[in-house]
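Okay, structure first, notes after.
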Amino acid sequence: MPDYEVYSLPHDGEGDQTLDIRKMALALWRGKLLLAAFAGAGFLAGLAHVSQQEPAYRAVTSILYEPERLQIVDISEALVKPDTGAGIGNQVEILNSTTLLGNIVSALGEDTILPARPDSGGAPDTGRIWDAAAAWLLDALPDSVSSQLAQLGFAAQTDAGAAPAQTAEDAQKSAARDAIGYLRDNLEIEVISGSGVIELFYYSSDPDKAALIANTISEQYIDFQKVSKNQDVLAAIDLVNNRIKELRQSVVESERNLENTRLDLARRRAQSAEMTGIQLAAHNQELAAVRLRLSGSRARFERAEAALADGTDLWSVTEFRESELITDFRKREMDIRETIAQERAISGSVVTPSSVRSAALLGQAQQSIREEAAYIVAALEFEVESLEQREQQLEQMVRELEITSIERTADELFISRLEREVLANQTLLQTFVVRQKEISEQANLQSADARVLSRAEPPSHPDRQASNRVLLASSAGALFLCALFLLLRERMNNSVRDPHDLAEITHYPILTSLPLTRRRRSLQKRAREFVTRPKCLLAESIRNLRTSLLYSDPDNQPQVIMLTSSVPGEGKSVTSFLTALASQHTEHDTILVSCDLRDSSNARIYSKFPRLVPSKAASTGLVSYLRNDCTLEEALAVHPESGLHILAAGKKEHFHESPADILSSPRFSQMIAELRERYKLVILDAPPVLVAADARLLSRMADSVVYLVHWNRTSKNAVREGLRELRSVNSPVAGCVLSMVSQSKARRYADNEFIYKQHYAGYYS
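For the sequence shown, the residue numbers in UniProt numbering are 1 to 765.
Set out below in structure tokens:
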């Protein structure tokens, strides 16, 4: 059994889930006639709808919107919002608002706006017919379905008769709502890009009514603008007046606070800040002088005290030397010392009463000096203590004056802030008073932000744009539905149309593709055409199949080749016959064995061929040979032009066995072995795989199996299932053949060999 490589050809796209724009375009192009028919039907339906409608007249009026900004204060954004660029969009919403349309309904009346109702004696009202039909349908439906439809709103019209009677006020409100809705449905608003011009279009069956309503809308819009503008001005004036009242109250309160603060400061601070400064300067100067004196006094005291304590010469201390008493005592001491010195000079070392008395006087003088020095030290100490006390007093006074000065400065700063607040409130109040006068003057000159550029005139002819839109929409909708149908049909089609798809789903090589032949042509005529027209496309395709089978592997050429398919009608019998005929023309002894015993048409076709042994009747054939009722030569038929041997069931052969049992019998296997010895090539025309198990039984005796697939008819699932059946018995499948291909149609589905075969058809003539 040869080992054939299983592979898949390259494919455009990644699989069935890939969105292939080219395939979609080809599918639409193949259905171009259906698209044209749908577009025509949609156009006719739109034309019928337009013909039933009344002619609509369109009245046009233009409005220029130029907003003026009211300057209230320099920072106007604080009171009036500036135009943000969406102002004209807001005007469009105002024109389409319920308030403005309600004003128009009030001005013209509902009867003027709403169309006149048709008379009962004229043509039947389509709406009433539909209402009656809907009521009948709801009555026929079950109660649960009717209640569900009523909840969804579909039964509102049929329940109108059961609704409670409306009052006159409710009826008037309902009519007003209907008129507003009718106005909104027939009104179109467009803004000219890059300008402030707004165009109003109103449609009506009456040209005069269309112009009247369009002009009324523009007039009501201008009046609405004036009222809105005056409301804005009045609101701004009220805002300024309220602000002036607030500022006046703020000025009064700030002035009152300033007065009270000044009075409180006058009560708390009897002395002025200037006097406090003078006192603080004088005390600081005196404090400095006291500290200087204290430093000198402390130094003299310490020096005198140290000299007195040490007992040194007191005369060397300045403080003692400046004392008159000490000076007198010092002179007296000097005199006594001089007297003692004279007495010693006279008497020598002898003690005399005079020397004793002089010594007593000297001691007394020295004691007097020391006592006076002690008095001087005590006086210096007292002076130091007095200066220290004065220093403390002055420091306390300076601190108190500094605190008073700081508090005075803080009070003056607070008063200054109150003065600035009073001045700011007075200035702002004066500014708002001036702006109030300006706003009042501007209010007298106030006008609307919009004006009418052109009034609407009654149109002379009906508007065709709505009709054109209906026709375009109906045609486009029909085209869309048809395109959707074509794409869905293409998506749902599971047949094989492209060799790439066949290779992808089977994973076997594509041996060739066979063109579509005339179905009513007999097998003899096809054989005659194959012989007489060797360059035709069918002959070239058969020879291509033969070459692919016999010469793909020259070392292991198959001898027994079986042809089968998924289901009947895929051209396997014709392909088997022509393949055998092509092999016979190459001087290869070939025999065709028709193994499809379940199809009686093959017996009828091959019974028309002459017998190899003319003496035998046409009733002998494959079954008779397997029963040993005749020899092989007696069972064979022959093609007269080529000499091809054909072994098929006879026309009148009858058998009660199962074809599967016949084909799986040892006698049949012996027959195949005998045919291998007598012929170079044996072609087995096997039954379809999915119809019976015969093909799987025969595939075990074949060297190669060729699987035929009908182009654009056999489904991919059938092909997969048939090949799965063959693989379950390890059949030597050599490849697939795409049969019965319509060259003129196949080129529409993909870019493949069919395009070139169709384009170069003259090459095969």
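Glycine included, C-beta positions come from ideal geometry on N, C-alpha and C.
| Item | Value |
| --- | --- |
| Coarse secondary structure for His-461, derived from DSSP in three states | coil |
| Distance between Asp-629 and Val-706 (C-alpha atoms, nearest Å) | 32 Å |
| Unbroken beta strand (DSSP E) run spanning Asp-335, endpoints | Premise fails: Asp-335 lies in the alpha helix (DSSP H), 324-347, not in any beta strand (DSSP E). |
| Presumed contact (8 Å Cβ cut-off) between Ala-692 and Arg-598, rounded CB distance | 6 Å |
| Classification of Trp-711 by the beta-carbon crowding that lies within 10 angstroms, buried from 16 upward | buried |
| Contiguous alpha helix (DSSP H) assignments of at least 4 residues, all confined to the stretch 675-725 | 694-699 |
| Spatial distance of Pro-659 from Cys-736 (CA atoms) | 25 Å |
| Beta-bridge pairing of Cys-736 - partner residues as DSSP gives them | Ile-510, Tyr-707 |
| Between the CA atoms of Gly-40 and Ser-174 - distance to the nearest angstrom | 42 Å |
| Euclidean distance between Cα positions of Arg-243 and Ala-273 | 40 Å |
| Distance CB(Arg-696)-CB(Leu-726) smaller than 8 Å | yes |
| Selected residue, minimal CA-CA separation from Arg-293, among Ile-326, Val-317, Glu-388 | Glu-388 |
| Start and end residues, beta strand (DSSP E) containing Thr-631 | Unbroken run through Thr-631: none, as it is neither H nor E. |
| DSSP-derived helix/strand/coil call for Val-515 | It is Pro, not Val, that sits at residue 515 in the sequence shown. It is a strand residue. |
| Phe-668 - partner residues in DSSP beta bridges | Answer is none; Phe-668 lacks a bridge partner. |
| Pair within 8 Å by beta-carbon distance, Leu-183 and Ile-104 | yes |
| Host alpha helix (DSSP H) of Phe-43 (start-end) | 32-52 |
| Nearest residue (CA-CA) to Lys-209, options Gly-650, Glu-441, Val-613, Ala-59 | Ala-59 |
| Segment limits, beta strand (DSSP E) that includes His-645 | 645-647 |
| Residue burial classification, Leu-200 (beta-carbon count within 10 angstroms, cutoff 16) | buried |
| Residue(s) in a DSSP beta bridge with Met-562 | Leu-684, Val-705 |
| Best match in Thr-532, Ser-600, Gly-569 for proximity to Leu-581 [C-alpha to C-alpha] | Thr-532 |
| C-alpha distance - Asp-589 paired with Leu-26, whole-angstrom precision | 46 Å |
| Selection from Val-377, Gln-426, Gln-557 that minimises the alpha carbon distance to Ala-306 | Val-377 |
| Endpoints, the beta strand (DSSP E) within which Glu-286 is located | That residue, Glu-286, is in no beta strand (DSSP E); its alpha helix (DSSP H) goes 273-310. |
| Beta-carbon proximity check, residue 820 vs Thr-261, cutoff 8 Å | Any question about residue 820 goes unanswered here, given that the chain covers just 1 to 765. |
| Close Cβ partners of Lys-745 (< 6 Å) along its chain, the five nearest in sequence each way excluded | none |
| Alpha-carbon to alpha-carbon, Glu-286 and Arg-390 | 10 Å |
| Residues near Arg-546 by beta carbon distance below 7 Å, same chain, minus five either side | Thr-579, Ala-582, Ser-583 |
| Proximity to Pro-115 [Cα-Cα], best of Ser-204, Leu-34, Leu-472 | Ser-204 |
| Interface flag, Ala-59 vs chain C, CB-CB below 8 Å | Protein chain content of the structure displayed is limited to a single chain, and chain C is not contained in it. |
| Boundaries (first-last residue) of the alpha helix (DSSP H) holding Ser-731 | Here Ser-731 belongs to no alpha helix (DSSP H), and DSSP marks it neither H nor E. |
| Burial state of Met-275 (16 or more Cβ within 10 Å) | exposed |
| For Ile-406 and Ala-266, the rounded distance between their alpha carbons | 16 Å |
| Same chain, Cβ closer than 6 Å to Glu-110, five either side skipped, listed in chain order | Ala-175, Ala-179 |
| 6 Å Cβ shell around Gln-557 - same chain, five flanking residues per side excluded | Leu-550 |
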